[in-house]
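J.:
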Amino acid sequence: MRILALLAVLSLSATSALAAEEPSGCDKFKWPIERERAALTAPDRTKLASGAEQAALPAAAITLGLVAPQDAKLPTPPERAPKDGTFAGFTSIKAAKAGLYTISLSSGAWVDVVQDGHFLKPVAFSGATDCQGIRKTMKYELSDKPFVLQVSGAKDNSLSIAILPAQ
27 MRILALLAVL SLSATSALAA EEPSGCDKFK WPIERERAAL TAPDRTKLAS
77 GAEQAALPAA AITLGLVAPQ DAKLPTPPER APKDGTFAGF TSIKAAKAGL
127 YTISLSSGAW VDVVQDGHFL KPVAFSGATD CQGIRKTMKY ELSDKPFVLQ
177 VSGAKDNSLS IAILPAQ
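Heads up: the sequence shown runs through residues 27 to 193, numbered per our numbering.
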């Protein structure tokens, strides 16, 4: 019984320590996020349903509608399995100019970028809590081929996404 109590205390301590290590505040991102944050909070974001196909990279941020993971019909199983009670969705982009892009989210979720049948790994990642309008931003090197942006593990049934050329 004492061992179980000790394990419970250690588990809670580790969880609290991990949460405490997560940066808090807009000034805690690894690079400037003003442009991405402005795009994610702009009132004229296009609303898209999960599965929407876009001819080219959107000029502004989008708000992607999400559904239960089993209903999302993600083209590729996500690299991280979504938890119960979360939401998922995707959009495909038919044409993109090759280059380095930031993909930023208004709230927490797992992102998979799939291009040419392969998961792309972010070149860089930054995130912080307690920053109105933006939760995380990642940099990806995209080729000029079509790609799919998949989101899973989101707590809400929509989120805003900005895909912008990196500065």
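Ideal placement from N, C-alpha and C gives every residue a C-beta, glycine not left out.
(1) Kindly indicate which residue of 96, 73, 140, 53 has the alpha-carbon position closest to the one of residue 120.
(2) What three-state label does DSSP hand residue 66 in the structure shown?
(3) Which of the three DSSP states is assigned to residue 34 in this structure?
(4) Using DSSP with H/G/I as helix, E/B as strand and the rest coil, what is residue 142?
(5) Helix, strand or coil for residue 98 per DSSP?
(6) In the DSSP assignment, the beta strand (DSSP E) including residue 113 goes from what residue to what residue?
(7) State the CB to CB distance for the pair residue 116 and residue 168, rounded to an integer number of angstroms; the pair is presumed to be in contact (CB under 8 angstroms).
(8) Would you identify the three-state DSSP class for residue 105, choosing helix, strand or coil?
(9) Just the C-alpha distance for residue 85 and residue 59, rounded to the nearest angstrom, thanks.
(10) Assuming contact is defined by CB atoms lying nearer than 8 angstroms, are residue 51 and residue 150 in contact in what I supplied?
(11) Thinking C-alpha only, which one of 76, 93, 94, 145 is nearest residue 118?
(12) Using the DSSP secondary-structure output, state which residues sit across from residue 48 in a beta bridge.
(13) Spatial neighbours of residue 93 within its chain, please: CB distance less than 8 angstroms, with the 5 preceding and 5 following residues excluded, ordered by chain position.
(14) Give me, in chain order, the residues of the same chain whose beta-carbon lies closer than 6 angstroms to that of residue 172; leave out the 5 immediate sequence neighbours on both sides.
(15) Helix, strand or coil for residue 54? Go by DSSP, reduced to three states.
(16) Would you give the residue range spanned by the beta strand (DSSP E) that residue 73 belongs to?
T.: By the coordinates alone:
(1) For the residues 96, 73, 140, 53, the minimum Cα distance to residue 120 belongs to 140.
(2) It is helical.
(3) Its pLDDT being 42, under 50, residue 34 is placed unreliably in this model, and the value from its coordinates should be taken loosely. DSSP places residue 34 in helix when its eight states are reduced to three.
(4) Of the three classes helix, strand and coil, the one that applies to residue 142 here is coil, per DSSP.
(5) Residue 98: helix per DSSP, three-state reduction.
(6) For residue 113, the enclosing beta strand (DSSP E) covers residues 113 to 121.
(7) Actually they do not touch by this definition, with Cβ atoms about 16 angstroms apart.
(8) The answer is coil: DSSP assigns residue 105 none of H, G, I, E or B.
(9) When the Cα atoms are used, residue 85 and residue 59 turn out to be separated by approximately 17 angstroms.
(10) The answer is no: Cβ separation not under 8 angstroms.
(11) A check of alpha carbon separations from residue 118 across 76, 93, 94, 145 identifies 76 as the nearest.
(12) The partner list for residue 48 (beta bridge, DSSP) is empty, contrary to what the question assumes.
(13) 76, 113, 114, 115, 183, listed in sequence order.
(14) A distance below 6 angstroms between beta-carbons, with the five flanking residues on each side excluded, links residue 172 to the following residues of its chain, in chain order: 120.
(15) Here residue 54 carries a helix assignment [DSSP, helix/strand/coil].
(16) Unbroken beta strand (DSSP E) run through residue 73: 72 to 74.
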